[in-house]
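Q:
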Amino acid sequence: MDMQLTVKIVHMIAVTLLIGAILARAFTLFVGVNGNQPNSVARKFLVAWQHLAMTIIVLTGLTSLVIKNFEVQPWFYAKIILFLVLFSSLIKAYKKDDRILLIQRRAGLMIAVAALIAIIGLVIIKPNFG
8 MDMQLTVKIV HMIAVTLLIG AILARAFTLF VGVNGNQPNS VARKFLVAWQ HLAMTIIVLT
68 GLTSLVIKNF EVQPWFYAKI ILFLVLFSSL IKAYKKDDRI LLIQRRAGLM IAVAALIAII
128 GLVIIKPNFG
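Every number in my numbering is 7 more than the matching position in the sequence shown, counting from 1.
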C-alpha cells in the first residue's frame with residue numbers, strides 16, 4: 008500500500024477518534040456539572056483520549072506534508088487556522104479554572120464543534136480559491 012494512503016487512513020481514524028472524544032467530553036458540560044466545572048467522572052480517560060487523537064492528527068498531518076514535499080492546496084491554510092480555533096476553544100472549554108463560567112465553557116464547545124464541521128466541510132468540498 009502507498010505510504011501516503013496509509014498516512015491518510017491513520018489521519019482519518021484519528022479524526023474519527025477526535026469526533027468521539029469531543030462528543031463524549033461535551034456530555035460533561037451538560038450532565039452532572041459541579042458549579043462551573045465539567046463533570047469529573049472519567050475526566051482522565053477523556054482527556055487522554057482527546058490528547059491522543061489530537062497528537063495523531065498533528066503527527067500524521069506533518070508526515071503527509073513531508074511526503075507531499077510541502078505542496079499544499081490553497082484551502083489548506085484555512086484548515087490550519089480552523090484547527091487552531093478548534094484547539095484553543097477546547098482549551099478554554101475544559102480549563103480547570105473556576106472563573107470560567109459554565110456558559111463560557113459551553114460557548115467554547117460550540118465554537119470547537121463549528122470549527123470541526125468547517126474543517127470537515129473544507130476537506131469534502133476542497134474549494135478552489137482564486
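Backbone N, C-alpha and C define an ideal beta-carbon position, used for all residues, glycine too.
Does DSSP put glutamine 80 in a helix, in a strand, or in coil?
A: In the structure shown, glutamine 80 sits in coil (DSSP, three-state: anything other than H, G, I, E or B).
Q: Less than 7 angstroms between the C-beta atoms of asparagine 144 and threonine 35, yes or no?
A: Within the shown structure, residues of the chain are numbered from 8 to 137, placing residue 144 beyond reach of any answer.
Q: Over the uninterrupted alpha helix (DSSP H) stretch that includes threonine 35, give me the two end residues.
A: That residue, threonine 35, is in no alpha helix (DSSP H); it is neither H nor E in DSSP.
Q: Tell me glutamine 111's beta-bridge partners as DSSP assigns them.
A: Looking at the DSSP assignment, glutamine 111 forms no beta bridge with any residue, so it has no partner.
Q: Decide yes or no for the touch test of the region 16-31 against the region 77-87: beta carbon pairs closer than 8 angstroms, at least 3 of them.
A: The region 16-31 vs the region 77-87: no contact.
Q: Taking 7 angstroms as the threshold (C-beta atoms), are leucine 53 and arginine 32 in contact?
A: Result yes, Cβ atoms of arginine 32 and leucine 53 sit closer than 7 angstroms.
Q: Below 8 angstroms CB to CB, which residues in the same chain sit around isoleucine 107 once its five sequence neighbours on both sides are set aside?
A: Same-chain partners within the cutoff: Asn43 and Lys99.
Q: Which same chain residues end up closer than 8 angstroms to phenylalanine 94 when comparing Cβ atoms and leaving out the 5 residues on each side of it in sequence?
A: Around phenylalanine 94: Met61.
Q: Based on Cα-Cα distance, which residue from Leu91, Arg112 and Val92 lies nearest to tyrosine 101?
A: For the residues Leu91, Arg112 and Val92, the minimum Cα distance to tyrosine 101 belongs to Arg112.
Q: So who's on the other strand from glutamine 44, going by DSSP bridges?
A: Asn41.
Q: Which of helix, strand or coil does DSSP assign to alanine 49?
A: Coil, per DSSP.
Q: To the nearest angstrom, how far is the alpha carbon of lysine 15 from that of isoleucine 132?
A: Distance between the alpha carbons of lysine 15 and isoleucine 132: 17 angstroms.
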